[in-house]
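**Student:** Count along the sequence shown from 1, add 2, and you get the number used in the numbering used here.
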Amino acid sequence: MFYEQSCIFAEFPLDPCDPLRGNVDALTKLKKDPTTRFIVIKDGEALMNATEESRPIYLNAGEASIYLKGEEVFLGRDEDDLAYFALSGDMPEGADGVFIDMRSIARNATAEGGFSPIPSLVARGKMLLDWHNRHRFCANCGAESKLIKGGYVRYCGACETEHFPRVDPVVIMMVIYENKCLLGRSPSFLPGMFSALAGFMEPGETLEEAVRREVYEEAGIRVGEVEYIKSQPWPFPSSLMIGVIAHALNDDIDIGDDELEEAKWFSKKEIQDVLERGGNDDFRVPEKLAIARHLLEYHLMLRWVDDEQD
Ligand SMILES: [Zn+2]
Numbered sequence: 003m004f005y006e007q008s009c010i011f012a013e014f015p016l017d018p019c020d021p022l023r024g025n026v027d028a029l030t031k032l033k034k035d036p037t038t039r040f041i042v043i044k045d046g047e048a049l050m051n052a053t054e055e056s057r058p059i060y061l062n063a064g065e066a067s068i069y070l071k072g073e074e075v076f077l078g079r080d081e082d083d084l085a086y087f088a089l090s091g092d093m094p095e096g097a098d099g100v101f102i103d104m105r106s107i108a109r110n111a112t113a114e115g116g117f118s119p120i121p122s123l124v125a126r127g128k129m130l131l132d133w134h135n136r137h138r139f140c141a142n143c144g145a146e147s148k149l150i151k152g153g154y155v156r157y158c159g160a161c162e163t164e165h166f167p168r169v170d171p172v173v174i175m176m177v178i179y180e181n182k183c184l185l186g187r188s189p190s191f192l193p194g195m196f197s198a199l200a201g202f203m204e205p206g207e208t209l210e211e212a213v214r215r216e217v218y219e220e221a222g223i224r225v226g227e228v229e230y231i232k233s234q235p236w237p238f239p240s241s242l243m244i245g246v247i248a249h250a251l252n253d254d255i256d257i258g259d260d261e262l263e264e265a266k267w268f269s270k271k272e273i274q275d276v277l278e279r280g281g282n283d284d285f286r287v288p289e290k291l292a293i294a295r296h297l298l299e300y301h302l303m304l305r306w307v308d309d310e311q312d
C-alpha cells in the first residue's frame, strides 16, 4: 500500500561494512582500488552529472586526489562489492558536473516517480562531512581531533575522548481528532502552506512525551495515544524525523505567542482536495519529499479503512 512507501533520504543503498571501518590498512587499500567510487560534497551540496542531475559523479582514486580539499568518509559497499567514499572537495576548472543541494536532489528523485536511493547515498556523505567540518576540535579539551573509523568517530589524542557523529531527533505528528487533522503554519512558510506540527526532542524525553509536550506548547491540544508510523533521515544538518499519529483529547486550539502563526483543523475532504488539485496561496501542503506529506496520506488512508468497515 502506498503509505508504506519509504520517505526520500531513507533506504541507504550500501552495506555500511562496520568491521571495515576500524581497519586502517583495508580502508587505505580500498581508497587506492581503481574500482572504488568517490562522491564529492561541497558546502552541503553533492557533485552530480550536469546532463542527468539525478546521477552523482563517481570519481576514481586518481581523480579523487585532485578534487579532495578536506576529509574523506567511508560509506560502504554495494551489491557488486564496489566501495564508496564521500569526500569534501571541489571541481577543478573545466571539469564536468554541477553541485546540487540536497532538497533539489530529493525533488529530482521524486519527480521521476518511484523511489531512488541516491538521495540517501549522497545525504549520508553530506551529513557525515558536515559534522566533521563543524567538529574539528574536541568538545572536552579543545585540542584538534582526528577522523577515525572511516569517519564514524573523531578521536582526541590529547584527552583520549571519542566523539560520535550527531543526529538530532525531531518528532513530527499528524494530530487527529475524530475525522479531522491539525496543521499549523510558521511565519517563514510559503503563502497558504500548512504542515504537521514538529519539534526537537529534549534530553530525557520519551517519544510520546516529546509529542505531547510539543503539541500542547504549539497548539494547546492534549494528546493521548501516540502511534509510530515511519521515520525519515533529514540532512539539514543531520536530523531524524520521527513521524507519528497523535490522537488528540480536545479540539480547542490555543497557539500561544511563540512558534506558530496559525493552527487549524482540516477535514479529510479539504486534505483530499488539496492533494488532488495541488496547492495554491490559499492552501497548500508539503511536497512528497517531506514526511509530513506521507503522514497526511496515511491519515487519508485511515478513512478508507474506516469506510471499508462501515
Ligand atoms: Zn580532548
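Backbone N, C-alpha and C define an ideal beta-carbon position, used for all residues, glycine too.
#1: Kindly give me the distance between the Cβ atoms of K67 and N135, rounded to whole angstroms, as I take these residues to be in contact under 8 Å.
#2: Measuring alpha carbon to alpha carbon, tell me which residue in E219, D283, E211 and P235 is nearest V228.
#3: So if I measure from each beta-carbon to every heavy atom of ligand 1 and keep distances below 6 Å, which residues remain?
#4: Taking Cβ positions, are V75 and G24 nearer each other than 8 Å?
#5: What do you get for V173, buried or exposed, if any count of 16 or more other CB atoms within 10 angstroms of its CB means buried?
#6: Check whether the Cβ atoms of A250 and Y179 sit closer than 8 Å, and answer yes or no.
#7: Rounded to whole angstroms, how far is the Cβ of I257 from the Cβ of V246, which I believe are closer than 8 Å?
#8: Rounded to whole angstroms, what is the Cα-Cα separation between M104 and D260?
#9: From T37, S106 and S56, pick the residue whose C-alpha is nearest to that of R79; which is it?
#10: According to the neighbour-count rule (16 or more other Cβ atoms, all chains shown, within 10 Å of its Cβ), is G144 buried or exposed?
#11: Relative to the C-alpha of M243, which residue among M175, L304 and K31 is closest?
#12: Is G281 closer than 8 Å to G186 when the C-beta atoms are compared?
#13: Grab me the residues of F4's own chain with a C-beta within less than 6 Å of its C-beta, minus the 5 sequence neighbours each way, in chain order.
#14: Between the stretch 268–280 and the stretch 198–215, are three or more C-beta pairs nearer than 8 Å?
#15: Sort H137, G152 and C158 by Cα distance to R168 and report the nearest one.
#16: Once you ignore the five residues that flank A265 on each side, which residues in its own chain have a CB closer than 8 Å to its CB?
#17: Return yes when the Cβ of F11 is within less than 8 Å of the Cβ of S122, no when it is not.
#18: Whole angstroms are fine: how far does the CA of Q7 sit from the CA of R295?
#19: Using only alpha-carbon positions, find the residue among G226, L192 and S240 that is nearest to V287.
#20: So, using beta-carbon positions, are C140 and A160 closer together than 8 Å?
#21: Among A52, L130, S147 and A48, whose alpha-carbon lies nearest the alpha-carbon of I120?
#22: Go through its chain and collect everything with a Cβ distance to A111's Cβ below 7 Å, but skip five positions before and after it.
#23: Going by alpha carbons, who is nearest to N62 out of V42, N181, E54 and S233?
#24: For Y154, which residues in the same chain have their Cβ closer than 6 Å to its Cβ, ignoring the five residues on either side in sequence?
#25: Could you tell me the alpha carbon to alpha carbon distance between H165 and C158, rounded to whole angstroms?
#26: So, with DSSP's three-state summary, where would you put A292?
#27: For the alpha helix (DSSP H) containing M129, name the first residue and the last one.
#28: In this structure, what does DSSP give as the bridge partners for P152?
#29: Distance check for G116 and R279, CA to CA, integer angstroms please.
**Tutor:** Here's the rundown:
#1: The count along the sequence shown starts at 1 and reaches residue 67 at position 65. The count along the sequence shown starts at 1 and reaches residue 135 at position 133. It should be pointed out that residue 67 corresponds to Ser in this sequence rather than to Lys. About 20 Å separates the two Cβ atoms, so there is no contact after all.
#2: Translated into the one-based positions of the sequence shown, residue 228 becomes position 226. Of the candidates E219, D283, E211 and P235, the one whose C-alpha sits nearest the C-alpha of V228 is E211.
#3: C140, N142, C143, A145, C158, A160, C161 and T163
#4: What you label residue 75 is simply residue 73 of the sequence shown in a count that begins at 1. What you label residue 24 is simply residue 22 of the sequence shown in a count that begins at 1. In this structure, G24 does not lie closer than 8 Å to V75 by Cβ.
#5: In the sequence shown, counting from the first residue as 1, residue 173 sits at position 171. With 16 or more Cβ atoms within 10 Å of its Cβ, V173 is classed as buried.
#6: The residue you call residue 250 lines up with position 248 of the sequence shown. The residue you call residue 179 lines up with position 177 of the sequence shown. Against a cut-off of 8 Å, the Cβ pair of Y179 and A250 comes out as a contact.
#7: In the sequence shown, residue 257 corresponds to position 255, counting from 1. In the sequence shown, residue 246 corresponds to position 244, counting from 1. Not really, about 20 Å apart at Cβ, beyond 8 Å.
#8: Residue mapping note: residue 104 aligns to position 102 of the sequence shown, counting from 1. Residue mapping note: residue 260 aligns to position 258 of the sequence shown, counting from 1. Those two C-alpha atoms are separated by around 29 Å.
#9: Position 77 of the sequence shown, counted from the first residue, corresponds to residue 79. R79 has its Cα closest to that of T37, out of T37, S106 and S56.
#10: Residue mapping note: residue 144 aligns to position 142 of the sequence shown, counting from 1. By the 10 Å Cβ count, G144 comes out exposed.
#11: Within the sequence shown, numbered from 1, the residue matching residue 243 stands at position 241. Of the candidates M175, L304 and K31, the one whose C-alpha sits nearest the C-alpha of M243 is M175.
#12: For the purposes of this step, residue 186 is taken as the residue at position 184 of the sequence shown. For the purposes of this step, residue 281 is taken as the residue at position 279 of the sequence shown. Not a contact, by the Cβ cut-off of 8 Å.
#13: Looking up residue 4 in the sequence shown gives position 2. Because F4 carries a pLDDT of 44, less than 50, the predicted location of this residue cannot be relied on, and no value is offered for it.
#14: no
#15: Sequence index remark: in the sequence shown, residue 168 carries index 166 (1-based). It is H137.
#16: Locating residue 265 in the sequence shown gives position 263, counting from the first residue. If we look at A265 and ignore the five residues flanking it on each side, its Cβ neighbours are L184, L185, G186, R187, L199, E220, A221, I255 and I257.
#17: Residue 122 sits at position 120 when you count from the first residue of the sequence shown. Residue 11 sits at position 9 when you count from the first residue of the sequence shown. The answer is yes: Cβ separation under 8 Å.
#18: Along the sequence shown, read from residue 1 onward, the residue named residue 295 stands at position 293. Along the sequence shown, read from residue 1 onward, the residue named residue 7 stands at position 5. About 12 Å.
#19: Taking the first residue of the sequence shown as 1, we reach residue 287 at position 285. Nearest option by C-alpha distance: L192.
#20: Here the question's residue 140 lines up with position 138 in the sequence shown. Here the question's residue 160 lines up with position 158 in the sequence shown. Their beta carbons are under 8 Å apart, which means C140 touches A160 by this criterion.
#21: Position 118 of the sequence shown holds residue 120. Considering only alpha carbons, the answer is A48.
#22: In the sequence shown, counting from the first residue as 1, residue 111 sits at position 109. Closer than 7 Å at the Cβ level, and outside the excluded window around A111, lie I10, S56, S118, I120 and P121.
#23: Taking the sequence shown and counting its residues from 1, the one referred to as residue 62 is at position 60. Per the Cα distances, V42.
#24: Reading the sequence shown from its first residue, position 152 is the one you call residue 154. R23, listed in sequence order.
#25: Residue 165 sits at position 163 when you count from the first residue of the sequence shown. Residue 158 sits at position 156 when you count from the first residue of the sequence shown. Looking at the two C-alpha atoms, the distance is approximately 8 Å.
#26: In the sequence shown, counting from the first residue as 1, residue 292 sits at position 290. Three-state DSSP puts A292 in coil, outside helix and strand.
#27: On the sequence shown, residue 129 is found 127 positions in, with the first residue counted as 1. Per DSSP, M129 belongs to the alpha helix (DSSP H) from I120 to R136.
#28: As a working note, residue 152 is residue 150 in the sequence shown. The sequence given here has Gly at residue 152, not Pro. Paired residue(s): none; G152 is not in a bridge.
#29: Counting from 1 along the sequence shown, the entry for residue 279 is found at position 277. Counting from 1 along the sequence shown, the entry for residue 116 is found at position 114. R279 and G116: Cα-Cα distance of roughly 21 Å.
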